[in-house]
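Colleague: Right, I'll just put the structure down here and ask away after.
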Amino acid sequence: VNVYLKEFLSARNQKAQERDGKAINQFLDYLGERKTAPLGSITKIETEGFALHELERVASGTVGRYLRSLSFAFNQAVSHEIIQRNPFKGVLSRIEKDDKQEKDSFTPEQVRRLLKVLPGEWSDMVRVCLYTGGQRLGDIARLKWEQVNMAGGFVAMTTEKTRRKMSTPIITPLKDVFVRREKSRVSEYVFPIAAMKYAQAGDASRTL
(Lines of atoms letter the chains of each structure in order from A; the text may use other names.)
(Lines give C-alpha, C1' and ligand atoms only; values in the text may rest on other atoms or scores of the structure.)
Protein backbone atom coordinates (compact mmCIF):
# COMPACT_ATOMS: atom_id res chain seq x y z
CA VAL A 202 0.00 0.00 0.00
CA ASN A 203 2.73 2.43 1.04
CA VAL A 204 4.81 1.84 -2.09
CA TYR A 205 1.89 2.25 -4.49
CA LEU A 206 0.45 5.37 -2.87
CA LYS A 207 3.83 7.10 -2.66
CA GLU A 208 4.55 6.31 -6.32
CA PHE A 209 1.05 7.48 -7.28
CA LEU A 210 1.65 10.76 -5.44
CA SER A 211 5.08 11.36 -6.96
CA ALA A 212 3.59 11.14 -10.46
CA ARG A 213 1.05 13.90 -9.73
CA ASN A 214 1.62 17.59 -10.45
CA GLN A 215 2.42 19.96 -7.61
CA LYS A 216 -1.14 21.13 -7.04
CA ALA A 217 -2.46 17.56 -7.01
CA GLN A 218 0.31 16.51 -4.63
CA GLU A 219 -0.73 19.24 -2.22
CA ARG A 220 -4.37 18.15 -2.44
CA ASP A 221 -3.84 14.39 -2.26
CA GLY A 222 -0.75 14.21 -0.06
CA LYS A 223 -2.54 14.91 3.22
CA ALA A 224 -5.17 12.25 2.50
CA ILE A 225 -2.55 9.64 1.66
CA ASN A 226 -0.41 10.41 4.71
CA GLN A 227 -3.42 10.28 7.02
CA PHE A 228 -4.52 6.94 5.57
CA LEU A 229 -1.04 5.44 5.90
CA ASP A 230 -0.84 6.62 9.51
CA TYR A 231 -4.21 5.03 10.17
CA LEU A 232 -3.09 1.72 8.69
CA GLY A 233 0.05 1.58 10.84
CA GLU A 234 1.89 -1.67 10.16
CA ARG A 235 -0.78 -2.61 7.62
CA LYS A 236 0.64 -0.02 5.23
CA THR A 237 3.17 -2.65 4.08
CA ALA A 238 0.35 -5.08 3.20
CA PRO A 239 -0.52 -5.92 -0.42
CA LEU A 240 -2.63 -3.21 -2.04
CA GLY A 241 -5.41 -5.65 -2.88
CA SER A 242 -5.79 -6.73 0.73
CA ILE A 243 -7.30 -3.41 1.89
CA THR A 244 -10.91 -4.01 2.92
CA LYS A 245 -14.07 -1.92 2.98
CA ILE A 246 -14.03 -2.25 6.76
CA GLU A 247 -10.65 -0.51 6.85
CA THR A 248 -11.65 2.31 4.52
CA GLU A 249 -14.89 2.97 6.39
CA GLY A 250 -12.99 2.76 9.67
CA PHE A 251 -10.54 5.36 8.37
CA ALA A 252 -13.39 7.69 7.41
CA LEU A 253 -15.06 7.37 10.81
CA HIS A 254 -11.72 7.90 12.56
CA GLU A 255 -11.12 11.11 10.63
CA LEU A 256 -14.66 12.36 11.30
CA GLU A 257 -13.76 12.44 14.99
CA ARG A 258 -10.77 14.65 14.18
CA VAL A 259 -11.73 16.97 11.32
CA ALA A 260 -14.84 18.33 9.57
CA SER A 261 -16.92 16.13 7.28
CA GLY A 262 -15.97 18.26 4.27
CA THR A 263 -12.29 17.54 4.89
CA VAL A 264 -13.01 13.81 5.21
CA GLY A 265 -14.88 13.99 1.92
CA ARG A 266 -11.81 15.47 0.22
CA TYR A 267 -9.64 12.72 1.70
CA LEU A 268 -11.99 10.02 0.43
CA ARG A 269 -12.18 11.48 -3.06
CA SER A 270 -8.38 11.61 -3.30
CA LEU A 271 -7.94 8.06 -2.04
CA SER A 272 -10.74 6.68 -4.19
CA PHE A 273 -9.10 8.21 -7.26
CA ALA A 274 -5.76 6.63 -6.34
CA PHE A 275 -7.31 3.19 -5.94
CA ASN A 276 -9.36 3.63 -9.13
CA GLN A 277 -6.08 4.18 -10.96
CA ALA A 278 -4.81 0.89 -9.53
CA VAL A 279 -7.95 -0.84 -10.83
CA SER A 280 -7.52 0.74 -14.26
CA HIS A 281 -3.91 -0.49 -14.40
CA GLU A 282 -5.09 -3.96 -13.31
CA ILE A 283 -2.98 -3.86 -10.15
CA ILE A 284 -6.06 -4.69 -8.08
CA GLN A 285 -9.55 -5.86 -9.00
CA ARG A 286 -11.70 -3.59 -6.84
CA ASN A 287 -11.65 -0.16 -5.21
CA PRO A 288 -12.27 -0.52 -1.43
CA PHE A 289 -13.15 3.20 -1.22
CA LYS A 290 -16.04 2.88 -3.67
CA GLY A 291 -19.27 3.98 -2.01
CA VAL A 292 -17.65 5.00 1.28
CA LEU A 293 -18.08 8.72 0.65
CA SER A 294 -21.80 8.52 -0.10
CA ARG A 295 -22.35 6.40 3.00
CA ILE A 296 -20.43 8.80 5.22
CA GLU A 297 -22.32 11.80 3.81
CA LYS A 298 -25.61 10.05 4.48
CA ASP A 299 -24.65 9.15 8.05
CA ASP A 300 -23.11 12.52 8.91
CA LYS A 301 -25.83 14.42 10.74
CA GLN A 302 -23.54 16.92 12.41
CA GLU A 303 -25.14 20.32 12.88
CA LYS A 304 -22.94 23.38 13.17
CA ASP A 305 -24.15 26.42 15.06
CA SER A 306 -23.29 29.92 13.96
CA PHE A 307 -21.01 32.06 16.11
CA THR A 308 -22.93 34.23 18.53
CA PRO A 309 -22.31 38.01 18.41
CA GLU A 310 -20.43 37.71 21.70
CA GLN A 311 -18.20 34.95 20.28
CA VAL A 312 -17.47 37.09 17.22
CA ARG A 313 -16.53 40.05 19.42
CA ARG A 314 -14.28 37.78 21.48
CA LEU A 315 -12.55 36.36 18.39
CA LEU A 316 -11.90 39.79 16.93
CA LYS A 317 -10.40 40.82 20.25
CA VAL A 318 -8.02 37.89 20.72
CA LEU A 319 -6.94 37.07 17.14
CA PRO A 320 -3.22 37.91 16.75
CA GLY A 321 -1.50 40.36 14.42
CA GLU A 322 -3.25 41.03 11.12
CA TRP A 323 -5.91 38.38 11.63
CA SER A 324 -8.50 40.53 13.37
CA ASP A 325 -8.56 43.04 10.51
CA MET A 326 -8.35 40.25 7.90
CA VAL A 327 -11.51 38.71 9.32
CA ARG A 328 -13.22 42.11 9.27
CA VAL A 329 -12.28 42.74 5.64
CA CYS A 330 -13.45 39.25 4.72
CA LEU A 331 -16.83 39.89 6.35
CA TYR A 332 -17.27 43.43 5.05
CA THR A 333 -16.50 42.39 1.45
CA GLY A 334 -19.14 39.65 1.45
CA GLY A 335 -17.14 36.67 2.67
CA GLN A 336 -14.23 36.66 0.23
CA ARG A 337 -11.79 33.75 0.26
CA LEU A 338 -8.69 33.89 2.42
CA GLY A 339 -6.32 34.09 -0.55
CA ASP A 340 -8.19 37.08 -1.96
CA ILE A 341 -7.81 38.92 1.33
CA ALA A 342 -4.14 37.98 1.74
CA ARG A 343 -3.17 39.36 -1.68
CA LEU A 344 -5.28 42.52 -1.46
CA LYS A 345 -3.23 45.54 -2.60
CA TRP A 346 -3.72 49.19 -1.76
CA GLU A 347 -4.13 49.99 -5.45
CA GLN A 348 -7.36 47.98 -5.33
CA VAL A 349 -8.75 50.18 -2.54
CA ASN A 350 -10.41 53.28 -3.94
CA MET A 351 -11.26 55.35 -0.88
CA ALA A 352 -12.35 58.37 -2.91
CA GLY A 353 -14.64 56.30 -5.09
CA GLY A 354 -15.84 54.21 -2.16
CA PHE A 355 -15.16 50.72 -3.54
CA VAL A 356 -12.69 47.82 -3.49
CA ALA A 357 -11.81 46.21 -6.83
CA MET A 358 -11.22 42.46 -6.55
CA THR A 359 -10.75 39.51 -8.90
CA THR A 360 -11.70 36.33 -7.07
CA GLU A 361 -9.02 33.66 -6.90
CA LYS A 362 -11.38 30.76 -7.49
CA THR A 363 -13.63 31.99 -10.32
CA ARG A 364 -11.55 34.93 -11.64
CA ARG A 365 -14.72 37.01 -11.43
CA LYS A 366 -14.15 40.76 -11.21
CA MET A 367 -15.97 42.49 -8.37
CA SER A 368 -16.46 46.06 -7.18
CA THR A 369 -17.40 45.99 -3.50
CA PRO A 370 -18.67 49.12 -1.72
CA ILE A 371 -16.54 50.37 1.17
CA ILE A 372 -19.06 50.51 4.01
CA THR A 373 -18.23 52.55 7.10
CA PRO A 374 -16.70 49.75 9.26
CA LEU A 375 -14.59 48.61 6.29
CA LYS A 376 -13.41 52.19 5.75
CA ASP A 377 -12.39 52.30 9.42
CA VAL A 378 -10.20 49.24 8.92
CA PHE A 379 -8.49 50.69 5.84
CA VAL A 380 -7.90 54.07 7.51
CA ARG A 381 -6.36 52.38 10.54
CA ARG A 382 -4.14 50.09 8.49
CA GLU A 383 -3.01 52.83 6.10
CA LYS A 384 -1.49 54.72 9.02
CA SER A 385 1.06 51.91 9.45
CA ARG A 386 1.35 50.99 5.75
CA VAL A 387 4.70 49.35 4.91
CA SER A 388 4.16 47.79 1.47
CA GLU A 389 1.81 47.60 -1.49
CA TYR A 390 -0.26 44.99 0.36
CA VAL A 391 -2.93 45.76 2.92
CA PHE A 392 -1.82 42.69 4.89
CA PRO A 393 1.92 42.35 4.13
CA ILE A 394 2.67 39.39 6.41
CA ALA A 395 -0.20 37.32 5.04
CA ALA A 396 0.77 38.32 1.49
CA MET A 397 4.34 37.14 2.10
CA LYS A 398 3.21 33.77 3.48
CA TYR A 399 0.77 33.36 0.62
CA ALA A 400 3.50 34.04 -1.96
CA GLN A 401 6.00 31.75 -0.23
CA ALA A 402 3.46 28.93 -0.49
CA GLY A 403 3.25 29.38 -4.25
CA ASP A 404 0.08 31.46 -4.14
CA ALA A 405 -1.72 28.98 -1.89
CA SER A 406 -3.58 29.54 1.36
CA ARG A 407 -2.32 26.46 3.19
CA THR A 408 0.32 28.33 5.25
CA LEU A 409 -2.35 30.73 6.47
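The number in my numbering is simply the position in the sequence shown, starting from 1, with 201 added.
By construction, the Cβ of each residue, glycine as well, lies at the ideal position given by its N, Cα and C atoms.
#1: Would you kindly work out how many angstroms separate the C-alpha atoms of L256 and T360, rounded to a whole number?
#2: Output needed for K366: all residues of its chain with C-beta closer than 6 Å, excluding positions within five of it in sequence on either side, in chain order.
#3: How would you call R343, buried or exposed, if buried means at least 16 neighbouring beta carbons within 10 angstroms?
#4: My guess is that A396 and L409 are in contact by the Cβ rule of under 8 Å, so how many angstroms apart are they, rounded?
#5: Count the other CB atoms within 10 Å of the CB of T333; is the residue buried (16 or more) or exposed (fewer)?
#6: If you draw a straight line from the alpha carbon of K420 to that of K345, how long is it in whole angstroms?
#7: By how many angstroms is the C-alpha of I341 removed from the C-alpha of Q364?
#8: Which same chain residues end up closer than 6 Å to E249 when comparing Cβ atoms and leaving out the 5 residues on each side of it in sequence?
#9: Measure how close the beta-carbons of I289 and S272 come, nearest whole angstrom, since I'm counting them as under 8 Å.
#10: Could you tell me the alpha carbon to alpha carbon distance between R258 and S270, rounded to whole angstroms?
#11: Helix, strand or coil for T369? Go by DSSP, reduced to three states.
#12: Less than 6 Å between C-beta atoms, sequence neighbours within five positions excluded: which residues of the same chain meet that for F275?
#13: Would you identify the three-state DSSP class for T333, choosing helix, strand or coil?
#14: Give the DSSP-derived three-state secondary structure of T359 in the structure shown.
Modeller: In short, the structure shows the following:
#1: About 30 Å.
#2: Excluding positions up to five away in sequence, the list reads T359.
#3: Buried.
#4: 10 Å between Cβ atoms; not a contact.
#5: T333 is buried by the Cβ-count criterion.
#6: Beyond the ends of the chain as shown, which are 202 and 409, falls residue 420; an answer cannot be given.
#7: The identity of residue 364 in the sequence shown is Arg, whereas the question assumes Gln. The C-alpha of R364 lies about 14 Å from the C-alpha of I341.
#8: Closer than 6 Å at the Cβ level, and outside the excluded window around E249, lie V292.
#9: Correcting the residue identity first, residue 289 is Phe in this sequence and not Ile. Their Cβ separation, rounded to whole angstroms, is 4 Å, which keeps F289 and S272 in contact under 8 Å.
#10: Distance between the alpha carbons of R258 and S270 is about 18 Å.
#11: T369: strand per DSSP, three-state reduction.
#12: Within the same chain, Cβ atoms closer than 6 Å to the Cβ of F275 are found at N287 and F289, the five residues on either side in sequence being excluded.
#13: Collapsing the DSSP output to three states places T333 in coil.
#14: The answer is strand: DSSP assigns T359 an E or B state.
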